[in-house]
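Asks:
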Amino acid sequence: MPVELVQYEINSRPRHLRYLYLIDEKFSYDKLYKLILQNQHLWGGRFNPIIPVVKNSISPEYIGMLKYFDPDYILYSKSIDLSPLYNIQNINPIAYIPFDENRDHQEIIGTNVYRLLDRYDSSAKVINSRDVWKVKSPLLSFYELNFNISTNAVMHEIELTKRFQIIEIGSTNFDLINKKIHLEKPINIRNLSYLNLDTTILRPRNHYNELFELIVANDSGTIEDLLYYWNRQLYENKNSFYITKEQLEIQKNDRYFGGILYDLSTNNTINVTSLTIDEPALTTIISEWLKPIAFNTHFQYKKNR
Numbered sequence: 024m025p026v027e028l029v030q031y032e033i034n035s036r037p038r039h040l041r042y043l044y045l046i047d048e049k050f051s052y053d054k055l056y057k058l059i060l061q062n063q064h065l066w067g068g069r070f071n072p073i074i075p076v077v078k079n080s081i082s083p084e085y086i087g088m089l090k091y092f093d094p095d096y097i098l099y100s101k102s103i104d105l106s107p108l109y110n111i112q113n114i115n116p117i118a119y120i121p122f123d124e125n126r127d128h129q130e131i132i133g134t135n136v137y138r139l140l141d142r143y144d145s146s147a148k149v150i151n152s153r154d155v156w157k158v159k160s161p162l163l164s165f166y167e168l169n170f171n172i173s174t175n176a177v178m179h180e181i182e183l184t185k186r187f188q189i190i191e192i193g194s195t196n197f198d199l200i201n202k203k204i205h206l207e208k209p210i211n212i213r214n215l216s217y218l219n220l221d222t223t224i225l226r227p228r229n230h231y232n233e234l235f236e237l238i239v240a241n242d243s244g245t246i247e248d249l250l251y252y253w254n255r256q257l258y259e260n261k262n263s264f265y266i267t268k269e270q271l272e273i274q275k276n277d278r279y280f281g282g283i284l285y286d287l288s289t290n291n292t293i294n295v296t297s298l299t300i301d302e303p304a305l306t307t308i309i310s311e312w313l314k315p316i317a318f319n320t321h322f323q324y325k326k327n328r
């Protein structure tokens, strides 16, 4: 009796490494900022959760979120009790790694996002920074966080952009950066981290909130808004910017900043939200700072408490 052969086809593809970070109350704004930048330079890194642990307790909301993630590595502050994680079914990492408090940059490996530029042809434009570190402006961190425009250019990243049309930003033309971004539409290097993902994207309860979000922090001394900015991207969400009140007060005087926000808006609408600025103050910012530079864009307050 002949044996019937059944044919199967197996497809495989590379996957980015998934990290989960657990940080305690002592984790400073500067350390969190550096950790975020480090992850934004990695393929898939924009979707690595950073979870605050307060008094050795993870909030039920974060526990619920973690049920849908399967991290390869968990990095954690040494003071944290990891036992609550052991009961979460999907949490089965290769290793638990404590943060080294004596090092500015923990060893976090992965594929640099600049290597994903191959998907673009040579007509695409890329911003390269030159001596931007000479600029004395609070806006430096805004562009570093939201566009991955580094204050100190890295040589191998510059090499990977050589075949593209280069927009050079330095100390002599830094004041033109919004105009360059709005009119010339360079690749936002930060967004390369999103490409070809193999990770879980959660769905928010309110689908109408799937708009571009402008997250305004009262200052750069607290981490609540920065954490929200980071973890919000784990949900279905078009995009988001993080900006401090000080930075926005400068940007409100540049009409091309309004153009950048228009380019990123969804249905010409932007949610403006904050954990550190109350509703009356934020609605004043919307009416007095954002509406005057709006390019056919509707700004609306989003409650975030």
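Every number in this note's numbering is 23 more than the matching position in the sequence shown, counting from 1. Glycine included, C-beta positions come from ideal geometry on N, C-alpha and C.
#1: Kindly list the residues whose CB is nearer than 8 Å to the CB of leucine 250, restricted to its own chain and excluding five residues on each side of it in sequence; keep chain order.
#2: What separation, rounded to the nearest whole angstrom, lies between the Cα atoms of isoleucine 103 and aspartate 123?
#3: So the alpha helix (DSSP H) phenylalanine 264 belongs to, where does it begin and stop?
#4: With a cut-off of 8 Å on the beta carbons, I'd call lysine 275 and isoleucine 316 a contact; round off their distance for me.
#5: By Cβ distance, which residues of its chain are closer than 6 Å to leucine 43, with the 5 residues on each side in sequence left out?
#6: Tell me which residues share the same chain as serine 100 and place their Cβ nearer than 8 Å to its Cβ, disregarding the 5 neighbours each side in the sequence.
#7: Does the region 231-245 touch the region 174-186, meaning 3 or more C-beta pairs lie closer than 8 Å?
#8: My output table needs one value for serine 164: the three-state DSSP class, helix, strand or coil.
#9: Can you tell me whether lysine 203 is helix, strand or coil according to DSSP?
#10: Would you check if the distance between the CB atom of glutamine 63 and the CB atom of arginine 213 is smaller than 8 Å?
#11: Which complete beta strand (DSSP E) runs does the region 126-155 hold, if anything under 3 residues is left out?
#12: Is the beta carbon of asparagine 151 closer than 8 Å to that of threonine 184?
#13: Please report the distance separating the alpha-carbon of asparagine 327 from that of leucine 28.
#14: Take the Cβ of histidine 321 as the centre, count every other Cβ of all protein chains shown within 10 Å, and call the residue buried at 16 or more, exposed below.
#15: Just the C-alpha distance for phenylalanine 197 and glutamine 323, rounded to the nearest angstrom, thanks.
#16: DSSP three-state call for tyrosine 91: helix, strand or coil?
#17: According to DSSP, is alanine 317 part of a helix, a strand, or is it coil?
#18: Anyone know if the C-beta pair for isoleucine 273 and leucine 108 falls short of 8 Å?
#19: Who are tyrosine 96's beta bridge partners in DSSP?
#20: Buried or exposed for glutamine 112, going by 16 or more other Cβ atoms inside 10 Å?
#21: Grouping DSSP H, G and I as helix and E and B as strand, with all else coil, what is glutamine 256?
#22: What's the C-alpha gap between lysine 90 and serine 243?
#23: Drop a sphere of 10 angstroms on the beta-carbon of threonine 307, count the other beta-carbons inside from all chains shown, and report buried for 16 or more, exposed for fewer.
#24: My guess is that isoleucine 238 and serine 263 are in contact by the Cβ rule of under 8 Å, so how many angstroms apart are they, rounded?
#25: I'd like to confirm the pairing. Which residues does DSSP put opposite serine 80 in its beta bridges?
#26: In angstroms with no decimal places, state the Cα-to-Cα distance between asparagine 34 and arginine 41.
#27: Does the distance from the CB of glutamine 270 to the CB of phenylalanine 170 come in under 8 Å?
#28: Count the other CB atoms within 10 Å of the CB of threonine 296; is the residue buried (16 or more) or exposed (fewer)?
#29: Taking Cβ positions, are proline 209 and isoleucine 190 nearer each other than 8 Å?
Replies: So, to answer that:
#1: Excluding positions up to five away in sequence, the list reads Leu55, Ile73 and Pro75.
#2: Cα to Cα, the separation comes out at about 14 Å.
#3: For phenylalanine 264, no alpha helix (DSSP H) segment is defined; the enclosing uninterrupted segment is the beta strand (DSSP E) at 263-267.
#4: Going by Cβ atoms, the distance from lysine 275 to isoleucine 316 rounds to 6 Å, so yes, they are a contact pair.
#5: Closer than 6 Å at Cβ, skipping near neighbours: Pro72, Pro94 and Ile97.
#6: Taken in chain order, the residues that qualify are Leu45, Ile46, Asp47, Lys49, Phe50, Val76, Pro121 and Phe122.
#7: These segments do not touch.
#8: In the displayed model, serine 164 falls within a helix according to three-state DSSP.
#9: Three-state DSSP puts lysine 203 in a helix.
#10: In terms of Cβ geometry, glutamine 63 and arginine 213 form a close pair [threshold 8 Å].
#11: The qualifying runs are 148-153.
#12: Yes, Cβ-Cβ distance for threonine 184 and asparagine 151 is below 8 Å.
#13: Going by the C-alpha atoms only, they are around 58 Å apart.
#14: Counting the other Cβ atoms within 10 Å of the Cβ of histidine 321 gives fewer than 16, which makes it exposed.
#15: Distance between phenylalanine 197 and glutamine 323, taken at the CA atoms: about 30 Å.
#16: Per DSSP, reduced to three states, the secondary structure at tyrosine 91 is coil, with no helix or strand assignment.
#17: Here alanine 317 carries a coil assignment [DSSP, helix/strand/coil].
#18: Contact: no.
#19: According to DSSP, tyrosine 96 bridges with Tyr42 and Ala118.
#20: Exposed.
#21: In the three-state reduction of the DSSP assignment, glutamine 256 falls in the coil class, being assigned neither a helical nor a strand state.
#22: One Cα belongs to lysine 90, the other to serine 243, and the distance between them is close to 31 Å.
#23: Exposed is the label assigned to threonine 307, since fewer than 16 other Cβ atoms lie within 10 Å of its Cβ.
#24: Right, their Cβ atoms sit about 6 Å apart.
#25: The partner list for serine 80 (beta bridge, DSSP) reads Val77.
#26: Distance between asparagine 34 and arginine 41, taken at the CA atoms: about 21 Å.
#27: Their beta carbons are not under 8 Å apart, which means glutamine 270 does not touch phenylalanine 170 by this criterion.
#28: Buried is the call here.
#29: Cβ atoms of proline 209 and isoleucine 190: closer than 8 Å.
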